[in-house]
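Undergrad: Here's a structure for you.
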Amino acid sequence: MNILKTLNTIAQCSQPSQGVTRLPFTKEHKQANKIITQWMKDAGMQVHLDAAGTLIGTYKSSNKNAKTLILGSHQDSVINAGRFDGIMGVLLPILAVKKLHQKKTKLPFHIECVAFADEEGVRFPTALMGPQVLAGTFKMKDIQFKDSKGISIQQALNNFGGNHRKLNQLKRSKKSIIGFVETHIEQGPVLEKHKLPVGVVTGISGITRYICTIKGKASHAGTTPMNLRKDALAGAAEIIYVLEKSSNNEEHHYHGGERPKYS
Ligand SMILES: [Zn+2]
63 MNILKTLNTI AQCSQPSQGV TRLPFTKEHK QANKIITQWM KDAGMQVHLD
113 AAGTLIGTYK SSNKNAKTLI LGSHQDSVIN AGRFDGIMGV LLPILAVKKL
163 HQKKTKLPFH IECVAFADEE GVRFPTALMG PQVLAGTFKM KDIQFKDSKG
213 ISIQQALNNF GGNHRKLNQL KRSKKSIIGF VETHIEQGPV LEKHKLPVGV
263 VTGISGITRY ICTIKGKASH AGTTPMNLRK DALAGAAEII YVLEKSSNNE
313 EHHYHGGERP KYS
């Protein structure tokens with residue numbers, strides 16, 4: 063199998079756009095799942111769609127009571143995404159399993175290769191539904207979130223072949239799982255800078271968003287001396303600068319020379 067060619071083929075499961083635009087529970091998602099299903103079958107796996115819309119290929123151990131190693135990534139994309147984001151991490155473990163299958167190798171644990179439906183949170187104002195359901199952290203009220211056309215996750219999921227009523231049955235017990243491994247393209251420049259083909263992470267960034275309001279004080283533009291002004295934008299700029307500086311490290315250096323000094 064030519065991996066680049068294969069990824070180029072599935073990249074065509076996209077809304078018309080400059081890059082790949084494949085949102086969860088859409089016809090493009092359905093097309094992609096059809097292709098991924100074939101990859102999984104070719105690798106000797108049993109395939110099913112779980113109630114959260116995650117496509118799962120299973121490569122069973124001969125030991126029935128074995129634990130499971132989960133491998134995979136997301137099939138969905140942001141708008142105008144690259145061709146490898148997510149989907150490469152779906153394909154790669156399937157190819158690894160295919161090697162095992164061809165050699166008729168059975169492992170002392172089950173393997174599940176997963177293609178999550180919605181990792182990016184582009185269509186609905188929530189993300190990571192598939193993994194959250196497996197981890198048992200999904201909040202059922204989120205099922206009512208709607209997309210821009212007023213379609214709820216519940217409707218979209220059920221129309222796609224999922225079943226919101228069964229979501230709480232999907233939680234995996236920690237005892238049954240060995241771990242989850244995801245291969246993903248690097249979306250930053252660090253490996254490229256160090257000319258490394260691959261990296262193994264020790265952690266990933268946790269994203270937290272806040273909304274804050276910075277209040278300034280209106281005063282006359284001509285007669286208020288600079289040191290008596292309270293310009294909200296200037297205050298915001300200082301906050302942004304300090305935040306950026308405090309998270310600075312070797313890999314997050316400034317480009318374009320020294321920043322002005324603030325006290
Ligand atoms: Zn991704």
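For what it's worth, the numbering used here labels the leading residue of the sequence shown as 63, then goes sequentially.
Cβ coordinates follow ideal geometry from the N, Cα and C atoms, glycine included.
1. E182 by DSSP, collapsed to three states: which one?
2. In chain order, what residues have a CB nearer than 5 angstroms to some heavy atom of ligand 1?
3. How would you label T88, buried or exposed, when you count the other beta carbons within 10 angstroms and need 16 or more for buried?
4. Assign A114 to one of three DSSP states: helix, strand, or coil.
5. Take P155 and list the residues in its own chain whose beta-carbon comes closer than 8 angstroms to its own, dropping the five residues that flank it on each side.
6. Look at G297 and I276 and say whether their C-beta atoms are less than 8 angstroms apart.
7. If I'm right that H226 touches L232 with Cβ under 8 angstroms, what's the distance once you round it to whole angstroms?
8. From S325 to G144, what distance separates their C-alpha atoms?
9. Could you check what DSSP says for K89 in three-state terms: helix, strand or coil?
10. Is it a yes or a no for the stretch 102-112 touching the stretch 181-189, going by three-plus beta-carbon pairs under 8 angstroms?
11. I need the straight-line Cα distance from T83 to M150, nearest angstrom please.
12. Let me check understanding here. Comparing Cα to Cα, which of V140, G223, I266, R234 lies closest to F327?
13. E182: buried (16+ other C-beta within 10 angstroms of its C-beta) or exposed?
14. Express the C-alpha separation of K307 and D293 in angstroms, rounding to a whole number.
15. Please determine, among R291, S214, N310, the residue with the shortest C-alpha to C-alpha distance to G278.
16. Work out the CA separation of G198 and K329 for me, nearest whole Å.
17. What does the Cβ neighbour count give for V262, buried or exposed, with the cut at 16 atoms within 10 Å?
18. Give the single residue among A73, V252, L85 whose Cα lies nearest to the Cα of S210.
19. Roughly how many whole angstroms lie between the Cα atoms of N127 and I240?
20. Can you list, in chain order, the residues of its chain with a C-beta nearer than 8 angstroms to that of G223? Leave out the 5 residues immediately preceding and following it.
21. Should K279 be flagged as near chain D, meaning a C-beta pair shorter than 8 angstroms?
22. By DSSP, does N64 sit in helix, in strand, or in coil?
23. Please list the segments of the alpha helix (DSSP H) lying wholly inside the stretch 222-273, counting only runs of 4 or more residues, in order along the chain.
24. Can you tell me whether Q80 is helix, strand or coil according to DSSP?
TA: Walking through what the data contain:
1. Coil, per DSSP.
2. Those residues are D147, G148, given in chain order.
3. Classification for T88: buried.
4. Coil.
5. Its chain contains L133, G134, I173, C175, V243, T245 as the residues whose beta carbon lies nearer than 8 angstroms to that of P155, once the 5 sequence neighbours on both sides are disregarded; these appear in chain order.
6. For G297 and I276, yes; Cβs fall inside 8 angstroms.
7. Not really, about 11 angstroms apart at Cβ, beyond 8 angstroms.
8. Note that S325 scores 43 on pLDDT, short of 50, meaning its location in the model is unreliable; the coordinates nonetheless yield the value given after this. Spanning the two alpha carbons is a distance of roughly 41 angstroms.
9. Here K89 sits in helix by DSSP.
10. Too few Cβ pairs lie closer than 8 angstroms, so no.
11. Approximately 15 angstroms, taken between the alpha carbons.
12. Outside the displayed range of the chain (63 to 325) lies residue 327, so it cannot be described from this structure.
13. Counting the other Cβ atoms within 10 Å of the Cβ of E182 gives 16 or more, which makes it buried.
14. Going from the Cα of D293 to the Cα of K307 covers about 21 angstroms.
15. The residue with the shortest Cα to Cα distance from G278 is R291.
16. Summary: the structure shown does not reach residue 329, with the chain confined to residues 63 through 325, and so no result is reported for it.
17. Exposed, by the Cβ-count rule.
18. For S210, the closest of A73, V252, L85 by C-alpha to C-alpha distance is L85.
19. Within the model, the alpha-carbon separation for N127 versus I240 is close to 13 angstroms.
20. Same-chain partners within the cutoff: L111, G115.
21. In summary, chain D is missing from the structure at hand, where a single protein chain is found.
22. Of the three classes helix, strand and coil, the one that applies to N64 here is coil, per DSSP.
23. List check, alpha helix (DSSP H) in window: 252-255.
24. Looking at Q80 - three-state DSSP - the assignment turns out to be coil, as it is neither helix nor strand.
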